[in-house]
Amino acid sequence: MAARLIQRASRFLAVPISFQPLPTSVTSECMRLVQLAPSLPCQAALHTSSLCRLGDNLLQVTEDPKSDDDIEFFSMLGTISGVNELLQIASEQKISGNKGVMVIQHIARKENVTIQELMKDVRFRELLENVNNQIQFVWNSRVIHLLKCLYALGLDSKNRYIQSVEIEVRWRLRRFNIKSLAHLASFMVPLSQSRDENLLLDDLVKQAELRWTEIKDVQTLVRLITRMGFLSNSLMEKLEDKVLEFAESFTPEESRRTIATLAAQNRRSLPVLRALSFHLIQRKFELSPPVILDLAFAYAKLNFCHPQVLLKMVTDILPKLPEISPSQISMIIRSFSSLKFFNQPFCEGVAQVCLKNNDSFTIGQLCSVLFAFAHLNFQPSHNDDFFNMIHRRLNAELNTQSWQQQLYIVWSLCILNQVTTPYLQKILELPFYRQILEDDSVKSTSYCLKLLHVNTTAQMETPGYQGPLLPKDVLLSLQEKSQGRRSSNFQIGLSDVLKEIYPNPETCNINVSTIYGWHLDGEVILDSELNPFSVNDFVAPHNLQSKGTQPLPEGARRFAILSGEFSHFMFRGKEFTGRFVMNRRQLRAAGFLVVEVPYYEWQELKSDYLKKSFIKDQIKKAMAEELAR
Numbered sequence: 001m002a003a004r005l006i007q008r009a010s011r012f013l014a015v016p017i018s019f020q021p022l023p024t025s026v027t028s029e030c031m032r033l034v035q036l037a038p039s040l041p042c043q044a045a046l047h048t049s050s051l052c053r054l055g056d057n058l059l060q061v062t063e064d065p066k067s068d069d070d071i072e073f074f075s076m077l078g079t080i081s082g083v084n085e086l087l088q089i090a091s092e093q094k095i096s097g098n099k100g101v102m103v104i105q106h107i108a109r110k111e112n113v114t115i116q117e118l119m120k121d122v123r124f125r126e127l128l129e130n131v132n133n134q135i136q137f138v139w140n141s142r143v144i145h146l147l148k149c150l151y152a153l154g155l156d157s158k159n160r161y162i163q164s165v166e167i168e169v170r171w172r173l174r175r176f177n178i179k180s181l182a183h184l185a186s187f188m189v190p191l192s193q194s195r196d197e198n199l200l201l202d203d204l205v206k207q208a209e210l211r212w213t214e215i216k217d218v219q220t221l222v223r224l225i226t227r228m229g230f231l232s233n234s235l236m237e238k239l240e241d242k243v244l245e246f247a248e249s250f251t252p253e254e255s256r257r258t259i260a261t262l263a264a265q266n267r268r269s270l271p272v273l274r275a276l277s278f279h280l281i282q283r284k285f286e287l288s289p290p291v292i293l294d295l296a297f298a299y300a301k302l303n304f305c306h307p308q309v310l311l312k313m314v315t316d317i318l319p320k321l322p323e324i325s326p327s328q329i330s331m332i333i334r335s336f337s338s339l340k341f342f343n344q345p346f347c348e349g350v351a352q353v354c355l356k357n358n359d360s361f362t363i364g365q366l367c368s369v370l371f372a373f374a375h376l377n378f379q380p381s382h383n384d385d386f387f388n389m390i391h392r393r394l395n396a397e398l399n400t401q402s403w404q405q406q407l408y409i410v411w412s413l414c415i416l417n418q419v420t421t422p423y424l425q426k427i428l429e430l431p432f433y434r435q436i437l438e439d440d441s442v443k444s445t446s447y448c449l450k451l452l453h454v455n456t457t458a459q460m461e462t463p464g465y466q467g468p469l470l471p472k473d474v475l476l477s478l479q480e481k482s483q484g485r486r487s488s489n490f491q492i493g494l495s496d497v498l499k500e501i502y503p504n505p506e507t508c509n510i511n512v513s514t515i516y517g518w519h520l521d522g523e524v525i526l527d528s529e530l531n532p533f534s535v536n537d538f539v540a541p542h543n544l545q546s547k548g549t550q551p552l553p554e555g556a557r558r559f560a561i562l563s564g565e566f567s568h569f570m571f572r573g574k575e576f577t578g579r580f581v582m583n584r585r586q587l588r589a590a591g592f593l594v595v596e597v598p599y600y601e602w603q604e605l606k607s608d609y610l611k612k613s614f615i616k617d618q619i620k621k622a623m624a625e626e627l628a629r
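Heads up: the sequence shown begins at 1 in full-length UniProt numbering, then just goes up one per residue.
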């Protein structure tokens with residue numbers, strides 16, 4: 001009430017006097033606002049805005065004006081090279097708190113300066129004491145610089161000088177503009193270790209949440225996102241709204257920093273990603289390799305695909321492939337493969353660089369390229385040269401890799417049909433696969449499946465292989481360990497339709513697990529007229545627990561009905577990824593006729609009748625292709 005009364009009374013004063021330094025008491029603050037308030041005629045309407053708002057407006061007008069004396073003093077400090085000379089000036093001259101901050105700024109910029117040496121110097125302690133005594137007269141921006149310098153010098157968080165500055169900053173937070181808050185956050189967040197710093201940081205986050213609408217430029221917005229976004233979910237949501245407002249003004253570097261921050265928080269904000277991606281492709285200049293590297297990694301981590309941006313990245317990076325480092329090449333190709341984005345010229349370019357500069361690639365980087373090619377099912381045009389180089393490096397350095405990495409390497413070679421007997425023998429020997437059987441990590445199921453795939457490759461896709469194979473008890477153990485997968489809605493719907501087509505449960509097995517490491521959505525045995533047999537009556541080499549004893553009748557075929565999920569295909573394509581190319585290849589080698597049920601055709605079928613007709617047509621198609629061979 002008293003503050004509002006003083007504010008209203010201030011309207012009737014005649015002439016405002018010059019600005020006085022900001023005091024700390026409430027009474028002095030109110031009197032200063034009375035003195036600064038503009039005079040109005042007595043008959044003017046009473047202004048009803050709050051005293052706090054008036055104080056904010058006045059402070060914005062008088063924010064840190066630099067006098068000629070300040071500019072001259074700052075320039076003079078720039079000509080001094082030593083810390084001793086700076087301290088001498090501070091001790092010999094009677095300087096204000098603002099000039100004292102300038103001296104501390106220059107000291108903090110000097111190299112080979114330790115806080116222990118400085119605190120032993122009485123002149124530095126006197127300088128800190130002088131600034132501390134005049135802290136209420138120091139301009140807002142310089143208070144922030146003072147805190148930053150004390151942090152940079154490594155002053156103990158329990159030191160009374162740094163605590164005094166932190167308290168002053170906390171008191172002034174409301175008076176700082178949004179740019180100052182962003183600047184404060186840029187060095188506060190990485191250094192928020194002590195209790196006082198955390199209190200200051202909490203207040204800083206609250207101020208940003210309350211005043212996010214004051215953001216008027218992209219630089220401030222990006223700084224707040226990168227430094228403070230992860231501290232508060234509500235603040236991040238507000239900042240994302242601002243990104244949508246300023247998206248057109250983002251540079252590629254600012255887009256990179258923002259998207260990388262989203263990826264670091266695992267925050268898949270589709271409106272922000274789409275807006276920034278759209279404006280990236282509108283700009284005519286090229287994306288630099290560091291920007292492409294970070295964008296590709298962030299897109300892969302967030303599983304976000306924007307075809308035009310991906311194509312622009314490939315177009316801009318392709319001519320520069322010989323110039324960028326092997327680590328960058330391996331990271332970019334792995335990111336593209338994670339997105340299942342296949343661009344043949346780019347993959348050919350990567351293969352050529354690997355061939356030409358293979359000595360500059362580490363074995364880990366070459367393996368990253370190999371994994372990416374396997375995932376994309378890419379065979380270079382100079383296939384023999386490329387894989388000869390890979391085999392030469394692996395023969396020398398395979399044993400230096402972890403057993404998980406060795407398994408992944410051999411599995412990738414199996415996908416690309418480039419595996420040789422020594423690799424298979426190494427993986428299928430007891431000392432190696434015992435590690436997989438004993439593993440209980442979250443990835444153990446994946447390791448078991450890969451081991452089964454390698455065993456299937458040795459058994460069915462490697463003519464003349466004389467090495468070891470997994471024993472039956474190990475196959476059963478791996479098969480049991482790899483079960484427990486959750487069916488998708490697509491697979492559940494497909495199973496329901498199969499039950500309607502084959503109402504007798506003995507004629508169609510649903511959700512079949514095989515010793516090959518592959519899962520079948522459905523298994524049926526049909527004669528040449530497509531009449532079903534009882535599946536469990538016949539020998540099933542793919543199922544060691546089968547009780548069937550009869551061989552397949554003449555003319556009968558075993559069908560594997562497989563769902564083609566969205567994740568099984570390349571980005572915006574109908575080609576399978578390398579894993580599922582090997583899946584179909586190995587099942588055919590095991591004697592199955594593969595019946596494909598891809599998602600992009602299934603989702604167009606709106607009735608059960610159409611779905612049943614589609615599956616029957618796919619079975620007829622598979623039979624016709626077999627008879628035509």
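Glycine included, every Cβ here is placed at the ideal spot set by N, Cα and C.
Compare the C-alpha of Val-410 against each of Lys-443, Arg-434, Leu-452 and name the closest.
For Val-410, the closest alpha carbon among the candidates Lys-443, Arg-434, Leu-452 is that of Leu-452.
Mind checking Gly-100: buried by the 16 CB within 10 Å criterion, or exposed?
Per the 10 Å Cβ criterion, buried.
Local Cβ density within 10 Å of Leu-544, reported as buried at 16 or more and exposed below that:
That one is exposed.
Give every residue of the same chain whose Cβ lies closer than 6 Å to the Cβ of Lys-611, excluding the five residues on either side of it in the sequence, and list them in chain order.
Within the same chain, Lys-611 has close Cβ partners Val-497, Leu-605.
Quick one: what does DSSP say Glu-237 is sitting in, helix, strand or coil?
Residue state for Glu-237 is assigned as helix, using DSSP reduced to three classes.
Counting C-beta neighbours from all protein chains within 10 Å, is the total for Leu-146 16 or more, i.e. buried, or is it exposed?
That one is buried.
Applying the 10 Å Cβ sphere with the 16-neighbour rule, what's the burial state of Pro-503?
Burial state of Pro-503 is exposed, judged by a 10 Å Cβ sphere holding fewer than 16 other Cβ atoms.
Taking the alpha carbon of Leu-469 as the reference point, which residue from Phe-614, Tyr-423, Phe-387, Leu-153 has its own alpha carbon closest?
Comparing Cα-Cα distances from Leu-469 to each of Phe-614, Tyr-423, Phe-387, Leu-153, the minimum goes to Tyr-423.
Mind checking whether Thr-456 and Gln-586 have CB atoms under 7 Å apart?
Going by C-beta atoms, Thr-456 is nearer than 7 Å to Gln-586.
How big is the Cα-Cα spacing for Ser-402 and Gly-364?
Going by the C-alpha atoms only, they are around 11 Å apart.
I want to check one thing, is the minimum distance from the CB of Val-410 to the heavy atoms of the ligand ADP below 6 Å?
Because no ligand of any kind appears in the structure shown, any question about the ligand ADP cannot be addressed here.
At the level of alpha carbons, what is the spacing between Ile-144 and Gln-406?
Straight-line spacing of the CA atoms in Ile-144 and Gln-406 works out to 53 Å.
With DSSP collapsed to three states, give me the class of His-279.
If DSSP states are grouped into helix, strand and coil, His-279 belongs with the helices.
Own chain partners of Ser-255 with C-beta closer than 7 Å, once the 5 adjacent residues on each side are dropped:
Cβ neighbours of Ser-255 within its own chain (closer than 7 Å, five residues either side excluded): Leu-276, Leu-280.
Along the chain, where does the beta strand (DSSP E) that runs through Leu-469 open and close?
Boundaries for Leu-469: no beta strand (DSSP E) harbours it, and the DSSP string shows neither H nor E there.
To the nearest angstrom, how far is the alpha carbon of Met-188 from that of Ala-152?
So the two alpha carbons sit approximately 11 Å from each other.
If Gly-578 sits next to Ile-333, beta carbons under 8 Å apart, how far is it from one beta carbon to the other, in whole angstroms?
14 Å between Cβ atoms; not a contact.
C-alpha distance - Pro-252 paired with Ala-298, whole-angstrom precision
Approximately 14 Å, taken between the alpha carbons.
Taking DSSP as the reference, what is the three-state secondary structure of Lys-574?
In the structure shown, Lys-574 sits in coil (DSSP, three-state: anything other than H, G, I, E or B).
What are the start and end residues of the alpha helix (DSSP H) that includes Ser-513?
It is not in any alpha helix (DSSP H) - Ser-513 instead sits in the beta strand (DSSP E) that spans 509-513.
Which of the three DSSP states is assigned to Leu-452 in this structure?
Collapsing the DSSP output to three states places Leu-452 in a helix.
Do the CB positions of Ile-561 and Val-512 come within less than 7 Å of each other?
In this structure, Val-512 does not lie closer than 7 Å to Ile-561 by Cβ.
Buried/exposed call for Arg-283, threshold 16 Cβ in 10 Å
Answer is exposed; the Cβ neighbour count stays below 16.
Does the Cβ of Tyr-447 have 16 or more other Cβ atoms within 10 Å, making it buried, or fewer, making it exposed?
Result: buried.
Which residues DSSP lists as bridging Val-595, in chain order:
Ile-561, per the DSSP bridge assignment.
Grab me the residues of Gln-310's own chain with a C-beta within less than 6 Å of its C-beta, minus the 5 sequence neighbours each way, in chain order.
For the record, residue 310 in the displayed sequence is Leu; it is not Gln. Same-chain partners within the cutoff: Phe-341.
Who are the Cβ neighbours of Gln-344 in its own chain at under 8 Å, not counting the five residues just before and after it?
The residues Phe-378, in chain order, have a CB closer than 8 Å to that of Gln-344 in the same chain once the five nearest residues on each side in sequence are set aside.
Out of Leu-231, Leu-262, Lys-356, which has the shortest C-alpha to C-alpha gap to Val-243?
Of the candidates Leu-231, Leu-262, Lys-356, the one whose C-alpha sits nearest the C-alpha of Val-243 is Leu-262.
Please give the ranges of any alpha helix (DSSP H) in the segment 250-312, keeping only runs that are unbroken, at least 4 residues long and fully inside the region.
The segment 250-312 contains these whole alpha helix (DSSP H) runs: 252-264, 270-282, 289-302.
Mind checking whether Phe-386 and Leu-355 have CB atoms under 7 Å apart?
In contact: Phe-386 and Leu-355 (Cβ atoms closer than 7 Å).
Using the rule of at least 16 other Cβ atoms within 10 Å of the residue's Cβ for burial, across every protein chain shown, is Arg-572 buried or exposed?
Residue environment: Arg-572 is assigned as exposed (fewer than 16 neighbouring CB atoms within 10 Å of its CB, all protein chains considered).
Inter-residue spacing [alpha-carbon to alpha-carbon] between Asp-359 and Ser-412
Taking the straight line from one Cα to the other gives about 21 Å.
Can you tell me whether DSSP reads Lys-620 as helix, strand or coil?
Looking at Lys-620 - three-state DSSP - the assignment turns out to be helix.
What's the call for Gly-55, buried or exposed, on a 16-neighbour Cβ count within 10 Å?
Reliability of the predicted coordinates at Gly-55 is poor, the pLDDT of 41 falling under 50, and no value is obtained from them.
If we ignore side chains and look at the alpha-carbon of each, how far apart do Ile-162 and Lys-148 end up?
A straight line joining the alpha-carbon of Ile-162 with that of Lys-148 spans about 10 Å.
Leaving aside the five residues before and after Ala-556 along the sequence, list all residues of the same chain whose C-beta is less than 7 Å from its C-beta, in chain order.
So the qualifying residues of the chain are Ile-525, Leu-526, Asp-527, Phe-533.
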